[in-house]
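Structure, as structure tokens:
As structure tokens, this is what we get:
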């Protein structure tokens, strides 16, 4: 049984593992040295690579890096005696590493010379600001400053930016980079959760987000998106029978802090309601809990009061229903 389902990229991002990519690079190495693709040998090498990876990473929870996989490919080619092919593969890795290094140098030079641009959500471009990156990281690290390698995070983020990078992609990059540090200290999990929440708030509230007014904007977005969800048929029309303004005032945005990174990512990926046509998320975590509470209270006579009671239980994690309820309430 293959236990390799995911792979960690150099950016720290975890993506689906594709065995075909191993076969492809081995085929290219054979073709570069021998002018032909030797299918049986390629399949044999790939099978040996997978056997070793499955033995070295026996649990789906242990995720290999790109470097782990490439080192294994290189070793298995040599173990079968194809030293000329191994040389071609080593050169292939070297050239790509050199290419990445040159790109990083060029980007760093452009950053230092203030020539890098980013693309805002509106489509407009503006100069890239490393200070904004630092500010975002500092905000997410509050309370955990002693446990965070701030300069290390900044350096890694600097390596991942590129010219005309969308600001939404920058927000995602900050999460991915911080997530790659979690194995060093649990504080990075809290930091990654905060960065993902910041991205979510911007997605829902939009370019007019003002962190000084975040609680108010958070509640306004709840009312607006319940109405929008009903309008597009995503939510039951009986949701409009609730006093949305009253329920909005009962939301406690600070409870988003109760989530650790894995919980935030799971609710973001699986449970938050979306406008499927526009691929836009409709709710924050506290709006999600209130919507579930409203679904549970929808047949009650005093539905607003019961929704608030259910929300208090759900949003403080005293009780969390099973997935069918979270999907359908």
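Residue numbers (my numbering): 164 to 492. For every residue, glycine included, the Cβ atom is placed at its ideal position computed from N, Cα and C. Everything numeric in this text was worked out from a predicted model, so none of it was measured.
Residue i, buried or exposed, once every other Cβ within 10 Å from all chains shown has been counted against 16
i           : result
residue 227 : buried
residue 178 : exposed
residue 388 : buried
residue 233 : buried
residue 286 : exposed
residue 380 : buried
residue 212 : buried
residue 275 : exposed
residue 490 : exposed
residue 292 : exposed
residue 303 : buried
residue 395 : exposed
For residue i, the three-state DSSP class (helix, strand or coil)
i           : result
residue 309 : helix
residue 437 : strand
residue 165 : coil
residue 497 : Nothing in the structure corresponds to residue 497, since the chain is present only between 164 and 492.
residue 395 : coil
N- and C-terminal bounds of the alpha helix (DSSP H) containing residue i
i           : result
residue 234 : 229-242
residue 178 : From DSSP, residue 178 is part of no alpha helix (DSSP H) but of the beta strand (DSSP E) over 177-179.
residue 460 : 448-460
residue 226 : Careful: residue 226 lies outside any alpha helix (DSSP H) and carries neither H nor E.
residue 467 : 466-478
residue 487 : 486-491
residue 336 : 330-342
residue 428 : 424-429
Residue i and residue j closer than 9 Å at C-beta
i           : j           : result
residue 362 : residue 424 : no
residue 200 : residue 248 : no
residue 471 : residue 407 : no
residue 416 : residue 447 : yes
residue 401 : residue 438 : no
residue 461 : residue 399 : yes
residue 430 : residue 451 : yes
residue 166 : residue 185 : no
Range covered by the beta strand (DSSP E) that runs through residue i
i           : result
residue 189 : Where residue 189 is concerned, there is no enclosing beta strand (DSSP E), although the alpha helix (DSSP H) it sits in stretches over 182-197.
Worksheet item: Of all the beta strand (DSSP E) runs that stay within the bounds of the region 247-295, which reach a length of 3 or more residues?
Response: 280-282, 288-290
Discussion item. Going residue by residue through the region 344-391, where are the continuous alpha helix (DSSP H) segments of at least 4 residues, counting only ones entirely within it?
Written reply: 350-368
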